[in-house]
Amino acid sequence: MSLGIIIVSHVDKIAAGVQTLISQVAADVSVTIAGGTDDGGVGTSVEKIQQAISDNKADEILAFYDLGSAKMNLELAQDFSDKPVHLYDVALVEGAYTAAALLQAGVDRTAVEAQLADLKIK
Amino acid sequence: MSLGIIIVSHVDKIAAGVQTLISQVAADVSVTIAGGTDDGGVGTSVEKIQQAISDNKADEILAFYDLGSAKMNLELAQDFSDKPVHLYDVALVEGAYTAAALLQAGVDRTAVEAQLADLKIK
Amino acid sequence: MTLTLEDTLKWLHGFDATVTAQKAYLSELDTPIGDGDHGNNLARGAAAIEDALGKQEPADLTAALKTIAMALVSKVGGASGALYGTAFLEMAKASRETQEVADLLAAGLAGLQKRGGATTGEKTMIDVWAPVVAAAKAGNLTTQVIDDAVQATKPMKATKGRASYVGDNSIGHLDPGSVSSGYLFSEMLKAGVTA
Amino acid sequence: MTLTLEDTLKWLHGFDATVTAQKAYLSELDTPIGDGDHGNNLARGAAAIEDALGKQEPADLTAALKTIAMALVSKVGGASGALYGTAFLEMAKASRETQEVADLLAAGLAGLQKRGGATTGEKTMIDVWAPVVAAAKAGNLTTQVIDDAVQATKPMKATKGRASYVGDNSIGHLDPGSVSSGYLFSEMLKAGVTA
Ligand SMILES: Nc1ncnc2c1ncn2[C@@H]1O[C@H](COP(=O)(O)OP(=O)(O)O)[C@@H](O)[C@H]1O
Ligand SMILES: Nc1ncnc2c1ncn2[C@@H]1O[C@H](COP(=O)(O)OP(=O)(O)O)[C@@H](O)[C@H]1O
Ligand SMILES: [Mg+2]
Ligand SMILES: [Mg+2]
Ligand SMILES: [Mg+2]
Ligand SMILES: [Mg+2]
Numbered sequence: 407m408s409l410g411i412i413i414v415s416h417v418d419k420i421a422a423g424v425q426t427l428i429s430q431v432a433a434d435v436s437v438t439i440a441g442g443t444d445d446g447g448v449g450t451s452v453e454k455i456q457q458a459i460s461d462n463k464a465d466e467i468l469a470f471y472d473l474g475s476a477k478m479n480l481e482l483a484q485d486f487s488d489k490p491v492h493l494y495d496v497a498l499v500e501g502a503y504t505a506a507a508l509l510q511a512g513v514d515r516t517a518v519e520a521q522l523a524d525l526k527i528k
Numbered sequence: 407m408s409l410g411i412i413i414v415s416h417v418d419k420i421a422a423g424v425q426t427l428i429s430q431v432a433a434d435v436s437v438t439i440a441g442g443t444d445d446g447g448v449g450t451s452v453e454k455i456q457q458a459i460s461d462n463k464a465d466e467i468l469a470f471y472d473l474g475s476a477k478m479n480l481e482l483a484q485d486f487s488d489k490p491v492h493l494y495d496v497a498l499v500e501g502a503y504t505a506a507a508l509l510q511a512g513v514d515r516t517a518v519e520a521q522l523a524d525l526k527i528k
Numbered sequence: 043m044t045l046t047l048e049d050t051l052k053w054l055h056g057f058d059a060t061v062t063a064q065k066a067y068l069s070e071l072d073t074p075i076g077d078g079d080h081g082n083n084l085a086r087g088a089a090a091i092e093d094a095l096g097k098q099e100p101a102d103l104t105a106a107l108k109t110i111a112m113a114l115v116s117k118v119g120g121a122s123g124a125l126y127g128t129a130f131l132e133m134a135k136a137s138r139e140t141q142e143v144a145d146l147l148a149a150g151l152a153g154l155q156k157r158g159g160a161t162t163g164e165k166t167m168i169d170v171w172a173p174v175v176a177a178a179k180a181g182n183l184t185t186q187v188i189d190d191a192v193q194a195t196k197p198m199k200a201t202k203g204r205a206s207y208v209g210d211n212s213i214g215h216l217d218p219g220s221v222s223s224g225y226l227f228s229e230m231l232k233a234g235v236t237a
Numbered sequence: 043m044t045l046t047l048e049d050t051l052k053w054l055h056g057f058d059a060t061v062t063a064q065k066a067y068l069s070e071l072d073t074p075i076g077d078g079d080h081g082n083n084l085a086r087g088a089a090a091i092e093d094a095l096g097k098q099e100p101a102d103l104t105a106a107l108k109t110i111a112m113a114l115v116s117k118v119g120g121a122s123g124a125l126y127g128t129a130f131l132e133m134a135k136a137s138r139e140t141q142e143v144a145d146l147l148a149a150g151l152a153g154l155q156k157r158g159g160a161t162t163g164e165k166t167m168i169d170v171w172a173p174v175v176a177a178a179k180a181g182n183l184t185t186q187v188i189d190d191a192v193q194a195t196k197p198m199k200a201t202k203g204r205a206s207y208v209g210d211n212s213i214g215h216l217d218p219g220s221v222s223s224g225y226l227f228s229e230m231l232k233a234g235v236t237a
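Residue numbers (my numbering), protein chains in the order written: chain L, 407 to 528; chain H, 407 to 528; chain V, 43 to 237; chain E, 43 to 237.
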C-alpha cells in the first residue's frame with residue numbers, strides 16, 4: 407500500500423508552496439494539491455480535491471487542510487472517493503512536512519500518525 | 407501601540423498565500439512577508455525578514471514562521487531590529503490566521519497570546 | 043404536507059433570487075466575524091442551481107434535490123457549500139423513502155450536523171435549522187419561528203466555524219449562515235410549502 | 043595561541059575552498075536526514091565570504107570576523123547560516139577583549155547554543171564544536187579529536203534541526219553540519235592556528 411499526501415488550502419499559493427517545501431524532503435512521495443476555488447478565488451473546491459485524490463500516484467492518501475471549511479469539503483470528497491483518505495486535524499505546513507519526511511524515510515502510517523499526534527491543533 | 411503581523415516561510419508562495427488568506431479576515435492589519443531566499447530559492451533570508459519588519463506599518467510585530475531554521479533567522483533579525491518583535495512557536499497558517507482575526511476584532515496582544523497558546527506545536 | 047417537485051423548484055427559484063439580491067448584505071454580515079464572502083459564495087451557488095435546473099428539468103423530487111446539492115457542493119467554495127450541499131444531498135436520499143416536509147428537513151439537519159459537527163448554541167446555521175425542524179414536526183412552522191431563530195444567533199458566542207476565531211468578539215452579530223438559512227425557510231413557506 | 047587577522051584570512055580561504063569542493067558531498071549527507079541543501083547553502087556562504095573579504099581587506103581581526111559573520115548570515119539561507127553567522131558574530135564581539143583561540147571558539151559555541159538551543163548528543167554541529175572547544179581549552183586540539191567528534195554523530199538520533207523530523211531514521215547517518223564544522227576546524231589547524 408503506497409502512501410501519498412494531499413494538501414488542501416483556501417489559497418492556491420499556500421497549497422503550491424507547501425508542495426514545494428515538502429517535495430524537498432520527500433522526492434519520492436506523491437504530493438498533489440487542491441488550492442482555492444474553481445475560479446481561482448479564496449476557498450476550497452470539492453472537484454479540485456477529488457482531482458488531487460485521483461491524480462495522486464499513491465493508493466492511500468494522507469490529507470492535510472488549513473481551516474474547517476476546507477475540512478468539510480475534504481470530507482465530502484472523501485465520501486465520494488474510492489481510495490482510502492485519512493484526514494489529520496494537525497497544523498497544515500508542519501504536519502504535512504512531518505508526514506512527508508517520515509514517508510520518505512520509509513516509515514509506515516501508524517508511525518507517521520504517532521508523530522502527527524503532537525501537532526494536533528484542530 | 408499598533409500591532410502588525412509578519413509571515414516568514416521557506417517558500418515565497420507560502421508566505422504570499424498566508425498573506426492572502428489572512429488579509430481576507432483582517433483588512434486593517436498590516437501584514438508583511440519574507441518568503442524564500444534572496445535568489446528565490448527555498449530557505450529564509452535575514453534581509454527579507456528585516457525588510458518585512460521595517461515595511462510593516464505597525465510599531466510592534468507578531469511573527470510567525472514555518473520551520474526551525476526560519477526561526478533562527480527570525481531571531482537574528484529580531485536582534486538587529488528596533489521594533490519589538492514577538493515570535494510564536496505555533497502552527498504557521500492557523501496561528502497567523504487566529505492572530506489576524508483577533509487583531510482585526512480589536513483584541514490586545516495579551517488576549518491574542520492566550521488564544522495562540524492552544525496552537526503551540528514547536 | 044408532502045414536498046412536490048413543482049414546489050421544490052418554486053422554492054429554490056425564490057431562494058436563489060433572494061440570496062442574489064441579498065448578496066452584499068450577507069457578505070457584510072460575514073465581515074466582522076468571518077471572511078466577508080458568504081453572500082458571494084451563496085450567489086455563486088444560486089447561479090449554479092439556476093444553471094443546473096435550467097439545463098435539464100429534473101425527473102422527480104429526488105433528482106431535483108440531488109441537482110441542487112451538487113450545484114452547491116461544487117460551486118460555493120466555503121463552509122456553507124459543503125453544509126447546504128450535504129443537507130440537500132441527505133434530503134435527496136431521504137426523499138426516496140418519504141416526501142413528508144418535516145422528515146426531509148430533519149434529514150437535512152442530520153446531514154448538517156454530520157458535516158459540521160456543531161450543535162445548537164454554537165452560532166451556526168444549526169441554530170436556525172434545529173428550531174425550524176422542531177416546528178415543522180410540530181406542524182407549526184411560521185415566519186415568526188424562523189425570524190426568532192435567526193435573531194437569537196445575535197447574542198451567541200461562536201464556538202464553531204470561522205467566527206469562533208474571534209471568540210467573544212462574535213457576540214452581538216447575526217450569524218450569516220443563519221440569516222441565509224432564514225431566507226431558505228421563508229422562501230419555502232412563500233412557495234406554499236407548509237409544515 | 044592568539045588568533046591573528048592574517049591567520050583568520052588564511053583559515054577562511056581554506057574553509058571556503060573546502061566547502062566549495064565538498065558541496066555535492068555535503069548536500070548528499072543532508073538528503074536522507076534533511077532537505078539536501080547543506081552543501082549548496084555553505085558554498086553560497088563561502089562565495090559570499092570570498093566576495094566580502096575580497097572587496098575590502100578588513101582592518102583588524104574583529105572586522106574580519108564580523109565581515110565573515112554577515113556574509114554567512116545574509117547569503118546562506120538555511121539553519122547553518124544563522125548558526126555559523128551567530129558563531130562568528132560572537133567571536134567578533136569577544137575578539138575585542140581577547141584573541142586567545144580557545145576563548146574565541148568558546149564564544150562562538152555559546153552563540154551557537156543561544157541561537158539553536160541544542161546541547162551535545164542531539165546530532166548537530168554542537169557535537170563537533172563542544173569537544174573542539176574543550177580540547178582547545180586543554181591545549182590538545184588535533185585532527186583526530188575533530189574527526190572523532192564528526193564520526194560520533196553517526197549513531198546519534200537527532201532531536202534538534204530538520205533531522206529530528208525523521209526521528210529514529212536519523213540514526214546511522216553523519217550530521218552534515220558536523221561534517222562542515224569538522225572542515226572548519228581542520229582548516230583552522232591547516233592554517234597554522236593551534237590550540
Ligand atoms: N461547523 C459548522 N456547522 C454548521 N454551520 C457552520 C459551521 N461552520 C460554519 N458554518 C456556517 O457557515 C457560515 C459561513 O459560510 P461561508 O461564509 O459561506 O463559509 P466560510 O466560513 O468558509 O467563508 C456561518 O455563518 C455558519 O452559519
Ligand atoms: N538547533 C540547532 N542547533 C545546532 N545546530 C543545528 C540546529 N539545527 C540544525 N543544525 C545544524 O545545521 C545543519 C543543517 O544546515 P542546513 O542544511 O544548511 O540548514 P537547513 O536545515 O535549514 O536546510 C545540521 O546538519 C545541523 O548540524
Ligand atoms: Mg465566509
Ligand atoms: Mg470563505
Ligand atoms: Mg538542509
Ligand atoms: Mg534548507
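Built from N, CA and C at the ideal position, the CB exists for glycine as well.
If we define contact as Cβ-Cβ less than 8 angstroms, is residue i a contact residue for chain E?
i, result
"Leu525 (chain L)", "no"
"Leu508 (chain L)", "yes"
"Gln425 (chain L)", "no"
Would you check whether ligand 3 has a heavy atom nearer than 7 angstroms to the C-beta of residue i?
i, result
"Asp217 (chain V)", "no"
"Asp72 (chain V)", "yes"
With a threshold of 7 angstroms, establish whether the CB of residue i neighbours any heavy atom of ligand 4.
i, result
"Asp79 (chain V)", "yes"
Does the Cβ-Cβ distance between residue i and residue j come in under 8 angstroms?
i, j, result
"Val417 (chain H)", "Leu468 (chain L)", "no"
"Val431 (chain L)", "Ala507 (chain L)", "yes"
"Thr201 (chain E)", "Arg157 (chain E)", "no"
"Asp495 (chain H)", "Lys463 (chain H)", "no"
"Arg86 (chain V)", "Lys117 (chain V)", "yes"
"Ser451 (chain L)", "Asp461 (chain L)", "no"
"Ser212 (chain V)", "Leu68 (chain V)", "no"
"Met198 (chain E)", "Gly163 (chain E)", "yes"
"Asp58 (chain V)", "Glu92 (chain V)", "yes"
According to DSSP, is residue i part of a helix, a strand, or is it coil?
i, result
"Ile439 (chain L)", "strand"
"Thr450 (chain L)", "coil"
"Ile412 (chain H)", "strand"
"Ile527 (chain L)", "coil"
"Glu99 (chain V)", "coil"
"Glu48 (chain V)", "helix"
"Ala149 (chain V)", "helix"
"Ala129 (chain E)", "helix"
"Val496 (chain H)", "strand"
Please find out if some non-hydrogen atom of ligand 5 comes closer than 7 angstroms to the beta-carbon of residue i.
i, result
"Arg204 (chain E)", "yes"
"Gly447 (chain H)", "no"
"Gly265 (chain E)", "As shown, chain E starts at 43 and ends at 237. That puts residue 265 (chain E) outside it, with no answer to give."
Mind checking if residue i is an interface residue toward chain H, Cβ cutoff 8 angstroms exclusive?
i, result
"Val170 (chain V)", "no"
"Val499 (chain L)", "yes"
"Leu231 (chain E)", "no"
Any heavy atom of ligand 6 closer than 7 angstroms to the beta-carbon of residue i?
i, result
"Ser69 (chain V)", "no"
"Ser460 (chain H)", "no"
"Ser475 (chain H)", "yes"
For chain V, check one thing: does any of its Cβ atoms lie closer than 8 angstroms to the Cβ of residue i?
i, result
"Leu473 (chain L)", "yes"
"Leu493 (chain L)", "no"
Is the closest heavy atom of ligand 1 to the C-beta of residue i under 7 angstroms?
i, result
"Ala121 (chain V)", "yes"
"Ala160 (chain V)", "yes"
"Ser220 (chain V)", "yes"
"Thr166 (chain V)", "yes"
"Ala84 (chain E)", "Here the sequence assigns Leu to residue 84 (chain E), which means Ala is not the residue at that position. The answer is no for Leu84 (chain E)."
"Leu154 (chain V)", "yes"
Under 7 angstroms: does the beta carbon of residue i sit that close to some heavy atom of ligand 2?
i, result
"Met198 (chain E)", "no"
Between residue i and chain L, is any beta-carbon pair separated by less than 8 angstroms?
i, result
"Gly163 (chain V)", "no"
"Arg138 (chain V)", "no"
"Lys419 (chain H)", "yes"
"Thr62 (chain V)", "no"
Three Cβ pairs or more, each shorter than 8 angstroms: is that satisfied between the stretch 121-139 of chain E and the stretch 467-478 of chain H? yes
Segment contact flag, the stretch 52-65 of chain V with the stretch 218-236 of chain V, C-beta cutoff 8 angstroms, min 3 pairs: yes
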